[in-house]
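Read the structure below first, then the notes.
Numbering (the numbering used here), first residue to last: 158 to 343.
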């Protein structure tokens with residue numbers, strides 16, 4: 158049995174609308190044909206305000222942002238897909254960052270009908286990554302300044318970390334200590 162669901166079917170429209178990512182479907186010139194509620198929420202627009210407008214002009218209003226967005230559009234035209242992390246603007250001019258952007262062509266029966274751009278707010282992920290980096294830097298500072306010899310191993314006793322005190326004591330570099338079996342250190 159052949160599944161003949163049309164792109165205009167309620168199923169596709171529902172999937173488009175309930176996506177947790179901001180979605181914008183544009184024609185070949187970049188004019189917005191359809192956006193979902195999440196896109197409107199992310200960028201602070203009502204759907205009626207942006208349908209028919211150029212996508213780049215909606216998400217990157219200032220000249221420098223618009224130039225960057227247009228360069229990304231040219232990159233998409235050359236490669237056929239775009240996957241980046243950038244800053245974008247809301248309707249009120251505020252920036253939100255960072256956002257993951259994926260643009261892909263929409264092909265139906267071998268014919269190019271436009272593009273789908275997916276926006277994902279990754280600011281929380283970046284915040285967590287920054288917190289982890291800060292935590293790791295603090296821990297590294299504690300380990301590096303500790304006056305005792307400190308080593309970390311894999312279960313099969315290959316050295317994965319040696320603090321400065323250990324390296325200085327043995328007259329070796331960090332690179333000389335790491336990756337070696339512990340038995341070499343005895």
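All residues carry an ideal CB built from backbone N, CA and C; glycine is no exception. These numbers come from a predicted model, not from an experiment.
Short Cβ contact (9 Å threshold) for residue i with residue j
i, j, result
"residue 187", "residue 272", "yes"
"residue 248", "residue 206", "yes"
"residue 237", "residue 262", "yes"
"residue 182", "residue 190", "yes"
"residue 255", "residue 280", "yes"
"residue 316", "residue 304", "no"
"residue 180", "residue 274", "yes"
"residue 257", "residue 277", "yes"
"residue 225", "residue 243", "yes"
"residue 239", "residue 216", "no"
"residue 193", "residue 176", "yes"
"residue 250", "residue 219", "yes"
"residue 289", "residue 300", "no"
Assigned exposure category for residue i - 16 Cβ within 10 Å defines buried
i, result
"residue 158", "With a pLDDT of only 40 at residue 158, under the threshold of 50, the placement of this residue in the model should not be trusted, and no figure is reported."
"residue 264", "exposed"
"residue 326", "exposed"
"residue 172", "exposed"
"residue 245", "buried"
"residue 174", "exposed"
"residue 286", "exposed"
"residue 165", "exposed"
"residue 334", "buried"
"residue 160", "No answer about residue 160 holds up, because its pLDDT of 49 lies below 50 and its placement is not dependable."
"residue 203", "exposed"
"residue 296", "exposed"
"residue 314", "exposed"
"residue 232", "exposed"
Endpoints, the beta strand (DSSP E) within which residue i is located
i, result
"residue 206", "Here residue 206 belongs to no beta strand (DSSP E); instead the alpha helix (DSSP H) covers 204 to 207."
"residue 339", "No beta strand (DSSP E) contains residue 339, which DSSP labels as neither H nor E."
"residue 244", "239 to 246"
"residue 317", "316 to 319"
8 Å contact criterion, which residue i and residue j should meet: CB distance rounded
i, j, result
"residue 356", "residue 331", "Given that the chain is displayed from residue 158 to residue 343, the structure contains no residue 356 and the question cannot be resolved."
Bridge partner(s) assigned by DSSP for residue i
i, result
"residue 182", "191 and 273"
"residue 261", "273"
"residue 216", "DSSP lists no partner for residue 216."
"residue 165", "Residue 165 is not bridged to any residue."
"residue 253", "245"
"residue 268", "265"
"residue 278", "256"
Bounding residues of the alpha helix (DSSP H) (the contiguous stretch that carries residue i)
i, result
"residue 311", "Premise fails: residue 311 is in no alpha helix (DSSP H) and is neither H nor E."
"residue 332", "331 to 334"
Within-9 Å CB hit, residue i to chain B
i, result
"residue 178", "Included in the structure is just one protein chain, with no chain B present."
Heavy atom of the ligand ZN within 8 Å of residue i beta-carbon
i, result
"residue 276", "Summarising the ligand content, the structure contains no ligands, and the ligand ZN is consequently not present."
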